[in-house]
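The number in this note's numbering is simply the position in the sequence shown, starting from 1, with 370 added.
So the structure is just underneath, and the comments pick up after that.
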Amino acid sequence: LPDESGYRSSETIYHSITAYERRQAHGLNGFILLSHVGTAPERTDKFYLRLEDLIVDLKALGYRFRRIDALLTETSEALGNEQ
Numbered sequence: 371l372p373d374e375s376g377y378r379s380s381e382t383i384y385h386s387i388t389a390y391e392r393r394q395a396h397g398l399n400g401f402i403l404l405s406h407v408g409t410a411p412e413r414t415d416k417f418y419l420r421l422e423d424l425i426v427d428l429k430a431l432g433y434r435f436r437r438i439d440a441l442l443t444e445t446s447e448a449l450g451n452e453q
């Protein structure tokens, strides 16, 4: 909630992700972004409303998005094939 010490606005969250991408040598490669879709009703600044913008901007930079369950399945299958 905005009056709590750990509160970050959606704009702050968005910019922290894009700033991290610019600062890191490998950008967001391998980055796992977890976001809580549910928020307190008192929070009118919903980050999920910015997700489409974030995804569009990151795709424009060449990023691909995968579901975590698909990544885990691929990793498990790859490890099984190495044995």
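Just so it is clear, CB atoms sit at the ideal spot from N, CA and C, and this is done for glycine as well.
The structure presented is a predicted model; accordingly, all values stated were derived computationally and were not measured.
If you follow the alpha helix (DSSP H) that residue i is part of, which residue opens it and which one closes it?
i, result
"Val-407", "Unbroken run through Val-407: none, as it is neither H nor E."
How big is the Cα-Cα spacing for residue i and residue j?
i, j, result
"Glu-444", "Pro-372", "40 Å"
"Leu-431", "Tyr-418", "20 Å"
"Asp-423", "Ser-405", "15 Å"
"His-385", "Phe-401", "16 Å"
"Ala-389", "Arg-434", "18 Å"
"Ile-383", "Val-426", "16 Å"
So what's residue i in DSSP terms, helix, strand or just coil?
i, result
"Ser-390", "The residue you asked about is not Ser; residue 390 is Tyr in the sequence shown. In the structure shown, Tyr-390 sits in a helix (DSSP, three-state: H, G or I)."
"Leu-371", "coil"
"Tyr-384", "helix"
"Leu-428", "helix"
"Asp-423", "helix"
"Ser-379", "coil"
"Tyr-433", "coil"
"Gly-397", "coil"
"Asp-415", "coil"
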